[in-house]
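Engineer: All residue numbers for the first sequence refer to the working numbering, where the first residue is 18 and numbers rise by one.
Note that CB positions come from ideal geometry on N, CA and C, so glycine has one too.
Just so you know, these numbers come straight off a predicted model, no measurement behind them.
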Amino acid sequence: MADIRLWNTKTRRKERLDPIDSGNVRMYVCGPTVYDRAHMGNARPVIVFDTLFRLLRHVYGADHVTYVRNFTDVDDKIIRRAEESGRPIGAITEETIRWYHEDMGALGVLTPTHEPRATAFIGEMIAMIAGLVADGFAYEAEGHVLFAVEKYAEYGALSGRSVEDMIAGARVEVAPYKRNPMDFVLWKPSTDDLPGWDSPWGRGRPGWHIECSAMSLALLGESFDIHGGGNDLMFPHHENEIAQSRCAHPEGEFARIWMHNEMLQVEGKKMSKSLGNFFTVHDVLEQGVPGEVIRFVYLSTHYRKPMDWTAEKARQAEKTLRKWYAQAAQGAAEGKPYVGVVNALSDDLNTAKAIAECHQLSLADDVSTLRYTLQLLGLMEDEVPEWAKSPDVDLSEHEARLAAARAAAMENKDFSEVDRLKAAYLAAGVEVRMSKGGVELVPGDDFDAAKLEASI
RNA sequence: GGCGAGUUGGCGGAGUGGUGACGCAGCGGAUUGCAAAUCCGUGCACGGGGGUUCGAUUCCCCCACUCGCCUCCA
18 MADIRLWNTK
28 TRRKERLDPI
38 DSGNVRMYVC
48 GPTVYDRAHM
58 GNARPVIVFD
68 TLFRLLRHVY
78 GADHVTYVRN
88 FTDVDDKIIR
98 RAEESGRPIG
108 AITEETIRWY
118 HEDMGALGVL
128 TPTHEPRATA
138 FIGEMIAMIA
148 GLVADGFAYE
158 AEGHVLFAVE
168 KYAEYGALSG
178 RSVEDMIAGA
188 RVEVAPYKRN
198 PMDFVLWKPS
208 TDDLPGWDSP
218 WGRGRPGWHI
228 ECSAMSLALL
238 GESFDIHGGG
248 NDLMFPHHEN
258 EIAQSRCAHP
268 EGEFARIWMH
278 NEMLQVEGKK
288 MSKSLGNFFT
298 VHDVLEQGVP
308 GEVIRFVYLS
318 THYRKPMDWT
328 AEKARQAEKT
338 LRKWYAQAAQ
348 GAAEGKPYVG
358 VVNALSDDLN
368 TAKAIAECHQ
378 LSLADDVSTL
388 RYTLQLLGLM
398 EDEVPEWAKS
408 PDVDLSEHEA
418 RLAAARAAAM
428 ENKDFSEVDR
438 LKAAYLAAGV
448 EVRMSKGGVE
458 LVPGDDFDAA
468 KLEASI
């Protein structure tokens with residue numbers, strides 16, 4: 018069995034993955050707040066952890082991995098969106114979840130084992146909060162329930178901060194009912210016009226962080242193997258999750274290995290609406306960039322490094338993928354992924370190295386291994402994607418015509434007709450291959466049948 | 001101000017205490033009527049300064065620059 022080593026943010030070291038139960042390897046990844054289309058940045062952790070999910074399934078068996086990625090469907094951003102649009106919250110979240118599945122599916126992302134919605138686990142959240150209050154880790158104040166960070170000595174360990182330092186930074190929300198400025202909300206009151214659930218502290222709704230603690234407990238248990246997300250979540254979200262879960266269940270370990278991906282940039286700059294470089298995944302797909310190309314570009318940078326999305330990278334990725342797909346299409350029905358790629362992925366998900374190994378498979382023309390390796394990487398399913406298939410057209414008459422013209426030209430040394438035909442074919446997106454062996458016409462991805470007929 | 005990440009050839013991007021992958025582009029060659037495609041070959045880099053070491057791009061320190069987080073933005 019391959020030895021999987023992963024960088025653990027918590028210990029700041031690469032550690033060997035030693036599953037608590039190798040018959041059920043468990044991973045939790047923070048999913049989206051569903052109020053709008055997923056943007057290109059959102060897609061990075063999705064692709065990164067999907068690739069890890071695929072590796073785990075390959076190593077431990079598809080039935081021995083449990084992957085949980087939540088939907089946050091109760092949140093102030095959603096409430097705001099509902100107020101702005103006049104649409105019901107449920108309609109917004111349902112629509113957004115549907116979009117999410119469509120867009121991520123286009124990127125070759127597998128559906129996780131469980132995709133829990135926060136609103137389906139309110140009871141579990143209330144139970145956990147009640148326990149924290151009962152044990153003195155949390156307190157009620159003005160309808161809110163707050164976690165008292167001073168009660169958890171290791172608060173800040175994940176992100177390398179101390180409560181004192183953070184207070185000195187003085188960029189925390191000022192709220193008079195907080196005992197410590199760093200205390201965070203577990204439960205907050207809802208007015209009648211806002212979504213709310215009955216609780217021991219009155220009608221209200223959960224704070225953001227508690228859902229992940231409650232849902233990971235319900236679906237993965239007190240201790241599980243991997244917890245992932247973007248590094249912007251490291252503080253405060255993950256720090257707060259740890260505090261809640263460890264205090265609620267001190268006998269559990271919560272997550273053993275914490276993984277965080279770096280952020281995405283666009284053409285060297287932070288993606289932002291004001292810079293006009295803000296794209297949703299849907300936008301990019303609509304522009305005609307195939308999902309496999311997006312995925313390839315993401316995989317070409319290691320997940321712990323900042324990644325720059327550029328049009329040039331997409332162009333090169335498409336070129337490479339077309340070449341590989343043409344080879345993979347010839348692969349045998351049975352095969353296995355390349356061990357060099359499995360090893361690269363096993364070394365802290367070195368996807369860039371994995372792609373380099375694929376180049377070697379391509380060079381060696383090992384079409385079957387390439388095929389199953391691309392499948393492991395999520396770059397193709399059973400078949401080559403439609404967009405990468407050659408247009409199904411019969412150019413044999415044109416080939417014969419060009420061959421005849423060429424033969425004649427060889428005799429009389431007048432190549433004008435050959436050159437004219439060649440130029441016309443090229444203009445119509447047909448690749449012209451002439452050699453001693455004969456003439457071959459290959460329709461390219463920009464093949465235009467109408468243009469071909471018009472110009473010949 | 002605090003915490004963290006990064007700085008490798010023209011571009012992208014791995015990696016290592018001792019001849020620095022791979023891809024794209026470039027250059028040379030084979031091939032071609034000329035090309036294209038393909039194949040073969042090839043030049044080019046470890047931000048700056050110290051230190052440890054027989055030897056550092058790789059370890060340590062300092063500096064510069066870039067970026068992220070600290071505002072429930074992945």
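1. Leaving out the 5 sequence neighbours to the left and right, which residues in its chain are closer than 7 Å to A405 when beta-carbon positions are compared?
2. Compute the Euclidean distance between the alpha carbons of A421 and L380, then round it to the nearest angstrom.
3. L250 and C375 look like a contact to me (Cβ under 8 Å); what is the Cβ gap, rounded to whole Å?
4. Taking the beta carbon of I473 as the centre, do at least 16 other beta carbons fall within 10 Å, making it buried, or is it exposed?
5. Run through DSSP, which three-state label would E112 get?
6. Would you kindly work out how many angstroms separate the C-alpha atoms of L458 and F88, rounded to a whole number?
7. Tell me, please, which residues DSSP counts as bridged to Y475.
8. Taking DSSP as the reference, what is the three-state secondary structure of S240?
9. Is S452 helix, strand or coil by DSSP?
10. With a threshold of 8 Å on Cβ separation, who are the neighbours of N367 within its own chain once the five nearest residues in sequence on each side are excluded?
11. In this structure, does DSSP put R71 in helix, strand or coil?
12. Answer with buried or exposed for M183, where buried requires no fewer than 16 other C-beta atoms within 10 angstroms of its C-beta.
13. A371: which of T83, V435, A155, Y355 sits nearest, CA to CA?
14. Below 8 Å on the Cβ atoms is my guess for R81 versus V51; work out the distance and round it to an integer in Å.
15. Can you tell me whether DSSP reads T50 as helix, strand or coil?
16. Are three or more beta carbon pairs between the stretch 144 to 154 and the stretch 103 to 110 nearer than 8 Å?
17. Between L316 and G308, is the Cβ-Cβ spacing less than 8 Å?
18. Taking the straight line between their C-alpha atoms, what separation do you get for I109 and W116?
19. So for V401, helix, strand or coil by DSSP?
20. Using the three-state DSSP reduction, which class does L396 fall into: helix, strand or coil?
21. Taking the alpha-carbon of V410 as reference, which of F313, D465, N429, R220 has the nearest alpha-carbon?
22. From what residue to what residue does the beta strand (DSSP E) around D325 run?
23. Straight-line CA distance for A441 to S452?
24. What is the DSSP secondary structure of R29, reduced to helix, strand or coil?
25. Given a cut-off of 8 Å on the beta-carbon distance, is the pair D300 and R273 in contact?
26. Spatial neighbours of P62 within its chain, please: C-beta separation below 7 Å, excluding the five flanking residues on both sides.
27. Among H118, E171, H75, V162, which has the Cα closest to the Cα of K205?
28. What does DSSP give as the partner residue(s) for P460 in the beta ladder?
29. Rounding to the nearest angstrom, what Cα-Cα distance links E284 and F296 in this structure?
30. In this structure, does DSSP put F252 in helix, strand or coil?
31. Along the chain, where does the alpha helix (DSSP H) that runs through N360 open and close?
32. Are the Cβ atoms of G269 and E228 separated by less than 8 Å?
33. Touch check for the stretch 191 to 204 and the stretch 166 to 173: three-plus C-beta pairs under 8 Å?
34. Put L412 into one of helix, strand or coil per three-state DSSP.
35. Roughly how many angstroms lie between the CA atoms of D20 and G395, to the nearest whole one?
36. Can you name the residues that DSSP bridges to K205?
Structural biologist: So, from the listed chains and residues:
1. Taking the first sequence and counting its residues from 1, one reaches residue 405 at position 388. Within the same chain, A405 has close Cβ partners L338, R339, Y342.
2. Taking the first sequence and counting its residues from 1, one reaches residue 421 at position 404. Taking the first sequence and counting its residues from 1, one reaches residue 380 at position 363. Roughly 34 Å separates the two Cα atoms.
3. Taking the first residue of the first sequence as position 1, residue 250 is located at position 233. Taking the first residue of the first sequence as position 1, residue 375 is located at position 358. So it is not a contact: roughly 31 Å between Cβ atoms.
4. Residue mapping note: residue 473 aligns to position 456 of the first sequence, counting from 1. The residue is exposed, with fewer than 16 neighbouring Cβ atoms inside 10 Å.
5. On the first sequence, position 95 is the one that residue 112 refers to. Helix at E112.
6. Stepping through the first sequence from its first residue, residue 458 is reached at position 441. Stepping through the first sequence from its first residue, residue 88 is reached at position 71. Cα to Cα, L458 sits roughly 50 Å from F88.
7. Shown here, the chain extends from 18 to 473; a query on residue 475 therefore has no answer.
8. Reading the first sequence from its first residue, position 223 is the one you call residue 240. Strand, per DSSP.
9. What you label residue 452 is simply residue 435 of the first sequence in a count that begins at 1. In the structure shown, S452 sits in a strand (DSSP, three-state: E or B).
10. Within the first sequence, residue 367 is the residue found at index 350, counting from 1. Here the set comprises H319, A361.
11. By one-based count along the first sequence, residue 71 stands at place 54. Three-state result, R71: helix.
12. Taking the first residue of the first sequence as 1, we reach residue 183 at position 166. The residue in question, M183, is buried, as its Cβ has 16 or more Cβ neighbours within 10 Å.
13. On the first sequence, position 354 is the one that residue 371 refers to. Cα-wise, what sits closest to A371 is Y355.
14. Numbered from its first residue, the first sequence carries residue 81 at position 64. Numbered from its first residue, the first sequence carries residue 51 at position 34. One detail in the question is off: residue 81 reads as His in this sequence, not Arg. About 29 Å; that fails the 8 Å criterion.
15. Locating residue 50 in the first sequence gives position 33, where the first residue counts as 1. In this structure, T50 counts as strand in the three-state DSSP scheme.
16. no
17. As a first step, residue 316 is located in the first sequence; it is residue number 299 there, counting from the start. As a first step, residue 308 is located in the first sequence; it is residue number 291 there, counting from the start. Contact: no.
18. Your numbering for residue 109 matches position 92 in the first sequence. Your numbering for residue 116 matches position 99 in the first sequence. C-alpha separation (whole angstroms): 11 Å.
19. For the purposes of this step, residue 401 is taken as the residue at position 384 of the first sequence. The answer is coil: DSSP assigns V401 none of H, G, I, E or B.
20. As a position in the first sequence, residue 396 is number 379, starting the count at 1. Three-state result, L396: coil.
21. Within the first sequence, numbered from 1, the residue matching residue 410 stands at position 393. Ranking the options by Cα distance to V410, first place goes to D465.
22. Locating residue 325 in the first sequence gives position 308, counting from the first residue. D325 -> beta strand (DSSP E) spans 324 to 326.
23. For the purposes of this step, residue 441 is identified with residue 424 of the first sequence, where counting begins at 1. For the purposes of this step, residue 452 is identified with residue 435 of the first sequence, where counting begins at 1. Using only the alpha carbons, I get a separation of about 19 Å.
24. Translated into positions along the first sequence, residue 29 becomes position 12. Three-state DSSP puts R29 in coil, outside helix and strand.
25. Locating residue 300 in the first sequence gives position 283, where the first residue counts as 1. Locating residue 273 in the first sequence gives position 256, where the first residue counts as 1. Contact flag unset, no.
26. On the first sequence, residue 62 is found 45 positions in, with the first residue counted as 1. Cβ neighbours of P62 beyond the five flanking positions: V46, G245, G246, G247, N278.
27. Locating residue 205 in the first sequence gives position 188, where the first residue counts as 1. It is V162 whose Cα lies nearest to the Cα of K205.
28. Position 443 of the first sequence, counted from the start, is the residue given in the question as residue 460. For P460, which the question treats as bridged, DSSP gives the partners V447.
29. Numbered from its first residue, the first sequence carries residue 284 at position 267. Numbered from its first residue, the first sequence carries residue 296 at position 279. Cα to Cα, E284 sits roughly 12 Å from F296.
30. As a working note, residue 252 is residue 235 in the first sequence. DSSP places F252 in helix when its eight states are reduced to three.
31. Within the first sequence, numbered from 1, the residue matching residue 360 stands at position 343. First-last of the alpha helix (DSSP H) with N360: 356 to 363.
32. On the first sequence, residue 269 is found 252 positions in, with the first residue counted as 1. On the first sequence, residue 228 is found 211 positions in, with the first residue counted as 1. No, the Cβ-Cβ distance between G269 and E228 is not below 8 Å.
33. yes
34. As a first step, residue 412 must be located in the first sequence, where it is residue number 395. In this structure, L412 counts as coil in the three-state DSSP scheme.
35. As a first step, residue 20 must be located in the first sequence, where it is residue number 3. As a first step, residue 395 must be located in the first sequence, where it is residue number 378. If you take the alpha carbons of D20 and G395, they lie about 21 Å apart.
36. By one-based count along the first sequence, residue 205 stands at place 188. Per DSSP, R222.
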